[in-house]
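Chemist:
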Amino acid sequence: ISSSALSLNLKEAGLTRKIIRKLASKRDEIRREKFETSLCTDFTGNGSESVILDETSKHERTYARRYGRALSEKCAQLTDIFVRGDRYPLCAAMTINGYTAAHVVKGSFDSEEFYDFIIEEVLPHMNPFPEEQSVLVLDNCCIHHNEALVAAVES
Numbered sequence: 389i390s391s392s393a394l395s396l397n398l399k400e401a402g403l404t405r406k407i408i409r410k411l412a413s414k415r416d417e418i419r420r421e422k423f424e425t426s427l428c429t430d431f432t433g434n435g436s437e438s439v440i441l442d443e444t445s446k447h448e449r450t451y452a453r454r455y456g457r458a459l460s461e462k463c464a465q466l467t468d469i470f471v472r473g474d475r476y477p478l479c480a481a482m483t484i485n486g487y488t489a490a491h492v493v494k495g496s497f498d499s500e501e502f503y504d505f506i507i508e509e510v511l512p513h514m515n516p517f518p519e520e521q522s523v524l525v526l527d528n529c530c531i532h533h534n535e536a537l538v539a540a541v542e543s
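For the sequence shown, the working numbering begins at 389 and goes up steadily by one.
#1: State the beta-bridge partners of residue 443 as determined by DSSP.
#2: Can you tell me which residues form a DSSP beta bridge with residue 491?
#3: Distance check for residue 410 and residue 518, CA to CA, integer angstroms please.
#4: Would you mind working out which of 542, 423 and 478 sits nearest residue 446, comparing C-alpha positions?
#5: Rounded to whole angstroms, how far is the Cβ of residue 436 from the Cβ of residue 484, which I believe are closer than 8 Å?
#6: Tell me, please, which residues DSSP counts as bridged to residue 408.
#7: Measure the alpha-carbon distance for residue 399 versus residue 408 and round it to whole angstroms.
#8: Need the endpoints of the beta strand (DSSP E) that residue 523 sits in, please.
#9: With burial defined as no fewer than 16 other Cβ atoms inside 10 Å of the residue's Cβ, what is the status of residue 418: buried or exposed?
#10: Going by DSSP in three states, residue 436 sits in which element: helix, strand or coil?
#11: Whose C-alpha, out of 536, 535, 402 and 541, is nearest the C-alpha of residue 462?
#12: Check whether the segment 524-538 and the segment 427-444 are in contact - that is, three or more C-beta pairs closer than 8 Å.
#13: For residue 393, which of helix, strand or coil comes out of DSSP?
#14: Going by Cα to Cα distance, which pick from 488, 486 and 494 is closest to residue 474?
#15: What residues are listed by DSSP as bridge partners for residue 402?
#16: Since residue 540 and residue 511 should fall inside the 8 Å C-beta cutoff, what is the C-beta to C-beta distance between them, to a whole number of angstroms?
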């Protein structure tokens, strides 16, 4: 089959070429929806209370596929495990005024390294609730599930 015939068949099936939206394979849609709902119903501040913490990583073989096919009016999505080759993860704490802390390691963050980063570099910039920079927001990454970290942040 020629590429033009294939393209025509895909178009007739309602599939269009789009930039792929990558989703973590461990993403929990139910918890994510509950969190979004709670932000809309329970949040009363102006955003200055929040310190948002997130990780990203880079390696020599960063996943390069950027386009995929999806039905019209739908996102092209790729579910993937985000681990390949040598990694250089960056963990950063951000506020509405910019970054307050950042840390890069070679390899991967583990629970202990993440705990040290929070205790040594993030918490010194935080304040008691409800002051500015008093709410630490993390995603559901497994290295965040640490009872000692929860205790340290709450104290």
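Cβ atoms here follow ideal geometry from the backbone N, Cα and C, with glycine treated the same way.
Modeler: Taking the definition as stated:
#1: 479
#2: 479
#3: Residue 410 has its alpha-carbon roughly 34 Å from the corresponding atom of residue 518.
#4: The candidate whose alpha carbon is nearest that of residue 446 is 478.
#5: 6 Å
#6: 464
#7: 17 Å
#8: 523-525
#9: exposed
#10: coil
#11: 402
#12: yes
#13: helix
#14: 494
#15: Residue 402 pairs with nothing; no bridge assigned.
#16: 7 Å
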